[in-house]
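K.L.:
If you scroll down you'll find the structure; I have some questions about it.
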Amino acid sequence: MGYSTQVILTDARKIKAIYGSKNLDYLNSLRYDEYEEYIVFLENRFDVSTGELSVKKLLENILNGDTGSQYTYLILQGQEKWARSALGTVYGYLFMDICYEFGKQINRNDDNWPMLPAHLDEIVTEYKAFFPIPFSDDWPHIFCVERHELDHYEKVFRDAILDRYPDEEDLIKDVDFIFGEARKSNLDLCFVNY
Numbered sequence: 001m002g003y004s005t006q007v008i009l010t011d012a013r014k015i016k017a018i019y020g021s022k023n024l025d026y027l028n029s030l031r032y033d034e035y036e037e038y039i040v041f042l043e044n045r046f047d048v049s050t051g052e053l054s055v056k057k058l059l060e061n062i063l064n065g066d067t068g069s070q071y072t073y074l075i076l077q078g079q080e081k082w083a084r085s086a087l088g089t090v091y092g093y094l095f096m097d098i099c100y101e102f103g104k105q106i107n108r109n110d111d112n113w114p115m116l117p118a119h120l121d122e123i124v125t126e127y128k129a130f131f132p133i134p135f136s137d138d139w140p141h142i143f144c145v146e147r148h149e150l151d152h153y154e155k156v157f158r159d160a161i162l163d164r165y166p167d168e169e170d171l172i173k174d175v176d177f178i179f180g181e182a183r184k185s186n187l188d189l190c191f192v193n194y
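Position 101, counted from 1, in the sequence shown is what the UniProt record's numbering calls 101; the numbers after and before it change by one each time, with no gaps.
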């Protein structure tokens, strides 16, 4: 699936408030031009030359609460199989960036070695975000945990690791640190495996 898991401590309430807010002023606070690199995921699957599909348009869709369009009329011939996943990839990275707007990456390792490296898809297989987005069939794998779910998912993570990797103490330390930081900060978690 992925190679690295980032853990973002963030505020789900603020993130949820953006979705459907129709507050297009939020676009001005974001430097969406920095996100234009994401267009590479779309340009080989969709006709982006029309201007109807862009990173800015996808951000507007989030603000308008309308992330359901699959832009099927813009899919290039022969790309039907991969187009939905490409759209999910871009929405996934935009979602991750929004989580960073209201939070920060956490890591217990001084050398920034990733926590739970590439193990997220072995712990949870579903994708879960703070608001509806289409998900990619591949990456980024996003799994969000709200404050009221911390106890439940800490147990899910611990049990999965102890079952698969009973001798990997560092993975359990990662879980303890991640969920402990969320509780201490009274914030939510976003796991991104890519």
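All C-beta atoms, glycine included, are put in the ideal place defined by N, C-alpha and C.
1. Taking the runs of the alpha helix (DSSP H) that are 4 residues or longer, which of them lie wholly in the segment 137 to 188?
2. Tell me which same chain residues have a C-beta within less than 6 Å of the C-beta of residue 196, skipping the five on either side of it?
3. Which residue marks the beginning of the alpha helix (DSSP H) containing Thr89, and which one marks its end?
4. Give me the residue from Asp97, Asp47, Thr67, Ser185 with the minimum Cα distance to Ile75.
5. Can you name, in chain order, every residue of its own chain whose Cβ lies under 6 Å from the Cβ of Phe135, other than the five neighbours on each side?
6. Report back the beta-carbon spacing between Ile172 and Arg158 to the nearest angstrom; my notes put them in contact at under 8 Å.
7. Tell me which residue opens and which closes the alpha helix (DSSP H) that Ile39 is part of.
8. Less than 6 Å between C-beta atoms, sequence neighbours within five positions excluded: which residues of the same chain meet that for Tyr38?
9. Using three-state DSSP, classify Lys57 as helix, strand or coil.
10. Should Val192 and Met96 be called a contact, given that it needs their Cβ atoms to be closer than 8 Å?
P.N.:
Reading off the structure:
1. Secondary structure within the segment 137 to 188: the alpha helix (DSSP H) runs of 4 or more consecutive residues, fully enclosed, are 150 to 164, 169 to 185 (chain order).
2. This structure gives no information on residue 196, because the portion of the chain shown stretches from 1 to 194.
3. Against the sequence shown, residue 89 aligns to sequence position 89. Looking at the DSSP string, the run of the alpha helix (DSSP H) that includes Thr89 is 80 to 101.
4. Within the sequence shown, numbered from 1, the residue matching residue 75 stands at position 75. The shortest Cα separation from Ile75 among Asp97, Asp47, Thr67, Ser185 belongs to Asp47.
5. To locate residue 135, count along the sequence shown from 1; it is residue 135. Gly88, Tyr127, listed in sequence order.
6. The sequence position of residue 172 within the sequence shown is 172, counting from 1. The sequence position of residue 158 within the sequence shown is 158, counting from 1. About 7 Å separates the Cβ atoms of Ile172 and Arg158, confirming a contact at the 8 Å cut-off.
7. Mapped onto the sequence shown, residue 39 falls at position 39. Segment: none, Ile39 is in no alpha helix (DSSP H) and carries neither H nor E.
8. Here residue 38 refers to the residue found at position 38 when the sequence shown is read from its first residue. Counting only Cβ-Cβ distances below 6 Å, and skipping sequence neighbours, we find Val55, Val90, Tyr93.
9. Counted from its first residue, the sequence shown places residue 57 at position 57. Note: Lys57 maps to helix in three-state DSSP.
10. Against the sequence shown, residue 192 aligns to sequence position 192. Against the sequence shown, residue 96 aligns to sequence position 96. Between Val192 and Met96, the C-beta gap is smaller than 8 Å, which places the two residues in contact.
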